[in-house]
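S.K.:
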Amino acid sequence: MKLQHIDFFPDSFFVGALFPFVEDGKLFLLSVQHLDKYKKGEVNTKLPGGSGDRRLASETKYFARLEEVLEALSFDRRAVLLILNQEYSRRAQFEDHPLSDNVLWLFQTLVLKCLEATGYYPADLDPWVVDVVKRSDDHYQYFLEIKEWWDKHGDRVQIPQLDEEFVPLDKDIVVPRQKMPLLEFEEILIESHCRPVEFYLEHLKDKARQARKDGE
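Position one of the sequence shown corresponds to residue 587 (our numbering), numbered consecutively onward.
Structure (structure tokens):
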């Protein structure tokens with residue numbers, strides 16, 4: 587499923603990213619450890635992302651905030667130019683979507699929240715929608731597979747690296763670049779983020795089964 591096929595974007599949403607990568611022959615997802623908003627002192631492990639902020643629906647305010655974030659994270663000139671080009675390419679790609687403003691707000695939220703938490707830019711132009719979860723009549727969760735991420739030099743991130751010099755702009759982040767073994771997600775992730783990972787795991791199994799059939 588692609589964002590073009592979704593026709594409902596509420597004013598209240600969470601958008602999260604699934605970033606799969608392989609290290610030493612083992613499949614991982616990028617996750618973050620985040621202070622619990624309601625239980626003081628408790629830490630949750632979540633997929634990177636965040637909740638929609640109506641102020642970020644404004645293109646002008648979004649680009650102003652994006653510039654601030656990239657500067658604060660010391661993204662170099664090459665990376666900034668690549669990111670700006672990607673942002674305008676995304677706008678061109680969705681300009682004919684009947685709900686283009688909503689789609690872009692979703693992306694804008696994802697970009698800023700991921701940058702502030704991980705220091706990486708989610709670069710996919712048209713990601714696969716892994717899952718849409720209805721939490722209530724006016725609040726939905728969207729989980730997107732983001733395979734391409736860029737670091738502060740504009741280079742593609744193959745495997746997220748812990749960087750002692752990196753300080754998340756999101757002050758609630760305890761661990762910004764956690765490598766979560768995919769098969770251990772049920773013991774690690776908060777409950778509300780487990781369903782999309784379960785769906786994703788089934789998707790990978792289906793792909794593997796199809797590959798075996800094609801090879802017979």
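Heads up, the beta-carbon is just placed ideally off N, CA and C, and yes, glycines get one too.
No experiment lies behind these values; they were computed from the predicted model shown.
(1) Quick check on the burial criterion: 16 or more other C-beta atoms within 10 angstroms. Buried or exposed for residue 603?
(2) Excluding the five sequence neighbours on either side, which residues of its own chain have a C-beta within less than 6 Å of the C-beta of residue 648, listed in chain order?
(3) Would residue 729 and residue 782 be called neighbours here (beta carbons separated by less than 7 Å)?
(4) Along the chain, which unbroken stretches of the beta strand (DSSP E) at least 3 residues long are found entirely within the stretch 749-784?
(5) Alpha carbon to alpha carbon, what distance is there between residue 734 and residue 743?
(6) If you draw a straight line from the alpha carbon of residue 609 to that of residue 590, how long is it in whole angstroms?
(7) What are the start and end residues of the beta strand (DSSP E) that includes residue 612?
(8) According to DSSP, is residue 799 helix, strand or coil?
(9) Please classify residue 779: is it buried, with 16 or more other beta-carbons within 10 angstroms of its beta-carbon, or exposed?
(10) My assumption, with CB atoms under 8 Å, is that residue 597 sits in contact with residue 723. Please give the rounded CB distance.
(11) Sort 784, 712, 616 by Cα distance to residue 678 and report the nearest one.
M.R.: In brief:
(1) buried
(2) 642, 694
(3) Yes. Within cutoff.
(4) 759-767
(5) 7 Å
(6) 32 Å
(7) 612-621
(8) Correct three-state label for residue 799: helix.
(9) buried
(10) In fact, because the Cβ distance is near 12 Å, the residues do not count as touching under 8 Å.
(11) With distances taken between CA atoms, residue 678 lies nearest to 712 out of 784, 712, 616.
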